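K.L.:
Residue numbers (the numbering used here): 522 to 708. Even for Gly, the Cβ is constructed at its ideal location relative to N, Cα and C. If you're wondering where the values come from, they're calculated on a predicted model, not measured in any experiment.
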Amino acid sequence: EDFLFSQLDSPDPLTRASAVRAIAQPNKPRALAAVRKRLEDEDGRVVAAACEALAGLDDRESVDTILSLMGSQSLATVVGAIEALAVFREQRAVTPLLGLLRSPRAALRLPAIVALGKIGDASAVASLQVLKGNPCWGLKPEPSKTEKASFRKAVAEALAALGVEDKDKVPDSPDAEEPPTPKGAGE
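#1: Where does the unbroken alpha helix (DSSP H) through A538 begin, and where does it stop?
#2: Go through its chain and collect everything with a Cβ distance to L629's Cβ below 6 Å, but skip five positions before and after it.
#3: If we ignore side chains and look at the alpha-carbon of each, how far apart do P534 and G577 end up?
#4: Evaluate R551 with the Cβ neighbour count: other Cβ atoms within 10 Å of its Cβ, from every protein chain shown; 16 or more gives buried, anything less gives exposed.
#5: What separation, rounded to the nearest whole angstrom, lies between the Cα atoms of M591 and T616?
#6: Specify the secondary structure class of P617 as computed by DSSP and reduced to three states.
#7: Please name the residue, chosen from A569, L575, Q612, that lies closest to S595 on a Cα-to-Cα basis.
#8: Please state the DSSP three-state secondary structure of G684.
#9: Skipping 5 residues on each side, what residues in its chain have a beta carbon closer than 8 Å to that of V593?
#10: Is D562 helix, strand or coil by DSSP?
#11: Using only the alpha-carbon positions, how far apart do A681 and A538 sit?
#12: In this structure, does DSSP put C657 in helix, strand or coil?
#13: Going by other Cβ atoms of all chains shown within 10 Å of its Cβ, with 16 needed for buried, is G684 buried or exposed?
#14: Find out if the Cβ-Cβ distance for the pair T586, L560 is shorter than 7 Å.
#15: So which of V651, S583, E563 has the shortest CA-CA distance to R623?
#16: Go through the segment 564 to 636 residue by residue and report every complete run of the alpha helix (DSSP H) that reaches 4 residues or more, in order.
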């Protein structure tokens, strides 16, 4: 166990991230404190691992800190925070997640769609329905057919999780224009 804790100070971020995942065990106060400390790591991959570990431990005391990571410049950190907040079903994450639905970065938009479905807040329905026709509008670079299918599936699953029936499946239109901003999103 001491060896794993010593790996938290490794110069290699992948080693630190692996150590975070390995020590995160229920009913281990020393481990919980060490994992929480990694929310401040300089490498986003380590922070993401800490977010994942804390969500797995259902550490509600870390939710405020994880929520604050949504504003990070690190893609890995933000994605880790999104995924953890989805596990927590954290309602306060809905507004920033709605904003990410307009992100040109697929690596942010897709986890935001999935998280909104998991959180289950009905206020996400209108924004997800706007994306339904072309969930890939504005993404840079242009997504592949496989990626487009992943986005359509994610939107459909999120809407289904929110209790919205898919009465009419809308095919992805590569020529579709950017959808309008739903009321309340981006304000």
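P.N.:
Here's the rundown:
#1: 534 to 544
#2: L621
#3: 20 Å
#4: Its Cβ having fewer than 16 others within 10 Å, R551 is exposed.
#5: Roughly 11 Å between the two C-alpha positions.
#6: Note: P617 maps to helix in three-state DSSP.
#7: A569
#8: coil
#9: Note that residue 593 corresponds to Ser in the displayed sequence, not to Val. Cβ within range, chain order: G565, V568, V599, A602.
#10: coil
#11: 34 Å
#12: coil
#13: exposed
#14: yes
#15: V651
#16: 565 to 577, 584 to 589, 596 to 609, 615 to 621
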